[in-house]
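Numbering (the numbering used here), first residue to last: 59 to 163.
The C-beta atom is built at its ideal place from N, Cα and C for all residues, glycine as well.
Note that this is a predicted model, so its numbers are computed, not measured.
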Amino acid sequence: MSNGSQECLADIELSLKNGYKVELQPKLLLRRVECYIELKQRHKAKDSLVIASKHARLVMSEEQWGAVIARAVCIAAKFVDQMGTICSISGNVLEANVVFSQQSE
59 MSNGSQECLA DIELSLKNGY KVELQPKLLL RRVECYIELK QRHKAKDSLV
109 IASKHARLVM SEEQWGAVIA RAVCIAAKFV DQMGTICSIS GNVLEANVVF
159 SQQSE
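And the structure:
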């Protein structure tokens, strides 16, 4: 799966560098988060999730942005399942303050 995720990341970066529609970029950025999760790159996944959420807030309507945040929460849950981490959204969800930490056993 990691080879597919690496190829997907390369495609995403190429799309972003070559003028992918701004209003569609948040969905692409969330896909990047999923790739990092599949590759078990926790810090990159976290950083990318924050970027995707903030970017969505800037370029989307309230309704579209809400859908992106809902998907981001689902992705965060996937993160918890795959990496044994705890995800919490702190502060105002509109600010997309997302914290990931290793779960202590």
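Query - LEU97, DSSP secondary structure in three states - result: Taking the sequence shown and counting its residues from 1, the one referred to as residue 97 is at position 39. LEU97 falls in the coil class under three-state DSSP.
Query raised in the report: Helix or strand or just coil, what does DSSP make of LYS102?
Result: Taking the first residue of the sequence shown as position 1, residue 102 is located at position 44. DSSP places LYS102 in helix when its eight states are reduced to three.
Query raised in the report: Under three-state DSSP, which class holds ASP62?
Result: Indexing the sequence shown from 1 puts residue 62 at position 4. According to the sequence shown, residue 62 is Gly rather than Asp. Reduced to three states, the DSSP call for GLY62 is helix.
Requested in this report: Tell me, please, whether the stretch 112-127 touches the stretch 77-89 by the rule of three or more beta-carbon pairs shorter than 8 Å.
Outcome: yes
Query raised in the report: Rounded to the nearest angstrom, how far is the Cβ of LEU88 from that of ALA110, given a contact under 8 Å?
Result: Your numbering for residue 88 matches position 30 in the sequence shown. Your numbering for residue 110 matches position 52 in the sequence shown. Contact holds; Cβ gap of about 5 Å.
**Report entry** Buried or exposed (CB count within 10 angstroms, at least 16 for buried), HIS113
**Finding:** Position 55 of the sequence shown, counted from the first residue, corresponds to residue 113. It is buried - the Cβ of HIS113 has at least 16 other Cβ atoms within 10 Å.
Report task. Would you tell me roughly how many angstroms separate the C-alpha atoms of CYS93 and VAL80, rounded to the nearest one? Result -> The count along the sequence shown starts at 1 and reaches residue 93 at position 35. The count along the sequence shown starts at 1 and reaches residue 80 at position 22. Those two C-alpha atoms are separated by around 20 Å.
Query raised in the report: What did DSSP end up calling GLY124 once you bin it into helix, strand or coil?
Result: Counting from 1 along the sequence shown, the entry for residue 124 is found at position 66. Residue state, collapsed to three classes: helix.
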